[in-house]
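Shown next, in structure tokens, is the structure this report addresses.
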Amino acid sequence: MKIVYGYSYFASEYYDDAKKMNDDYLDRLRQDGFDVEGYCLTIDPPGPPVAFSELDKMWKAKDPKLMKFYDDLREALIGKDVLMNASGINLHPEFVESLKDIFTVFQCFDDPESSEFLSKPVANSYDLCLVGNIAEVGTYKTWGVKNAEWVPMGVLPEIYDPSLTYEQIIEGERDIDLFMMINYTHFRKERLDKILKAFPNADFYGVGFPKGPLTKDRVDYLKRSKIGPNMHNSTGPINYRTFYLPANGVMQICDNKKHLGDIYELNKEVVGFDTMEECIDLCRYYLAHDDERRKIAAEGWKRCLKDYTEVAIFRRNVSLFEKYMKIKEESSRSIPYKLKVKLKRIFS
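In my numbering, the protein residues as written are 7 to 354.
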């Protein structure tokens, strides 16, 4: 299966070089045997994606730059099997629908906050949608999307130590009680204030916190941490904490409990909560019951490294591509027969 992986190339204070980050990722996938090549879907890289309202205007006006961009992409797709728009950007739905000879995949990790201007206007034009927020898969289906599946964000290789062992998690010493890398935003202010009041000495890092963002030695801090609270802006789970906490042997206590149970086994690999009061009580309980904490942390670590590494996730994606490509092929073959039956009924 020959896959074109479309990525965005943007300037960011959090990533030294977004293009290199994607190139390195694709190199690792190729080393594991995947036939995948990258294609930059940013129209003027490095830069932000075009808002759909502007993209629609450019499409309708047959903007020369956009048309050239689409012609070049169409040329790059010759002989390929799958186009994966990994960032969900810059492809007009009518252009996507014109790609008859390739299987098209839309991927988005920004729902529901960006749904109205990113995913909702275009998702229905793709053969398959990969939805990063497990809580929003059903939302796609309300838009008329027939094929929508959850895709994990997974753990990035640079933010966990692959040499960590089960025995080290069960027996090793950790000197940080609570650890979290999260920005202090208005979405989470009230909740963060509650947990900070309960644990004033917690090691929380991010924009808006007194200690500021943690820009280096992140893995070392994670390997020293016992419990990692995790919270979201709204629905989820949909963030990297969901995966890098267990990957580093940190016991995760996470919100969005209902769907968390679709990612990990609750109370065995991870612990979920519905209110901050519950989160605080759970943190206190597991700090006082260290053997239980270690066991959950170790089981979460096992699950994460089994199912949520980048290679495991891409292998899962390829399986989904194969599944839905087969369905599409069978559907295409059945259309003439259905039409024949319909005509027979009309004229009999």
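Even for Gly, the Cβ is constructed at its ideal location relative to N, Cα and C.
Counting C-beta pairs with one atom in each stretch, the region 25-39 and the region 60-69 have fewer than three that are closer than 8 Å, which means they do not touch. Judged by beta-carbon spacing, L293 lies beyond the 8 Å limit of K229, meaning their Cβ atoms are not closer than that value. For P235, the beta-bridge partners assigned by DSSP are I259. At the C-beta level, L288 and I259 come within 8 Å of one another. Around the CB of I84, fewer than 16 other CB atoms lie within 10 Å, so the residue is classed as exposed.
With a cutoff of 8 Å on beta-carbon distance, H265 and I140 are scored as near each other. Bounds of the alpha helix (DSSP H) holding K25 are A24 to Q37. Within the same chain, I175 and I176 come within 7 Å of R300 by CB-CB distance, once the 5 residues on both sides are set aside. Put simply, the region 95-103 touches the region 42-61. At least three CB pairs are less than 8 Å apart. If you draw a straight line from the Cα of Y13 to the Cα of T221, it comes to about 24 Å. Assignment of G144 by DSSP, reduced to helix, strand and coil, places it in the helix class. Going by C-alpha positions, I9 is about 22 Å away from V161. Boundaries cannot be given for L124, as no beta strand (DSSP E) includes it and DSSP labels it neither H nor E. Distance between E164 and A92, taken at the CA atoms: about 20 Å. Between N153 and L134, the gap from beta carbon to beta carbon is short of 8 Å. Under the three-state reduction of DSSP, K8 is assigned to strand. DSSP links L89 through a beta bridge to V10 and T110. With the rule of 3 Cβ pairs closer than 8 Å, the region 261-280 does not count as touching the region 325-336. Here T315 carries a strand assignment [DSSP, helix/strand/coil].
T281 is classed as exposed because its beta carbon has fewer than 16 other beta carbons within 10 Å across all chains shown.
Take the alpha-carbon of K26 and the one of H295: they are about 43 Å apart. The straight-line gap separating the alpha-carbon atoms of L61 and V111 is approximately 19 Å. Note that the C-beta distance between Y76 and F101 is below 8 Å.
Shown here for E142: same chain residues with a beta carbon closer than 7 Å to its own, the five before and five after excluded, namely D117, P118 and T241 in chain order. Leaving aside the five residues that flank L184 on each side, the residues in its chain whose CB is nearer than 7 Å to its CB run, in chain order, F205, A208, D209, I233, P235 and C289. Ranked by Cα distance from E122, the first of M64, T145 and M73 is T145. Apart from sequence neighbours up to five positions away, the residues of its chain that approach E305 with a beta-carbon distance below 6 Å are K274 and E275, ordered along the chain. Going by beta carbons, E43 and Y11 fall inside the 8 Å limit. A distance of 8 Å or more separates the beta carbons of Y270 and R224. With contacts defined by Cβ atoms closer than 8 Å, F320 and F40 form a contacting pair.
In the DSSP assignment, V42 falls within the unbroken beta strand (DSSP E) covering D41 to C46.
In the DSSP assignment, V324 is bridged to no other residue. Assigned with DSSP and collapsed to three states, W307 falls in helix.
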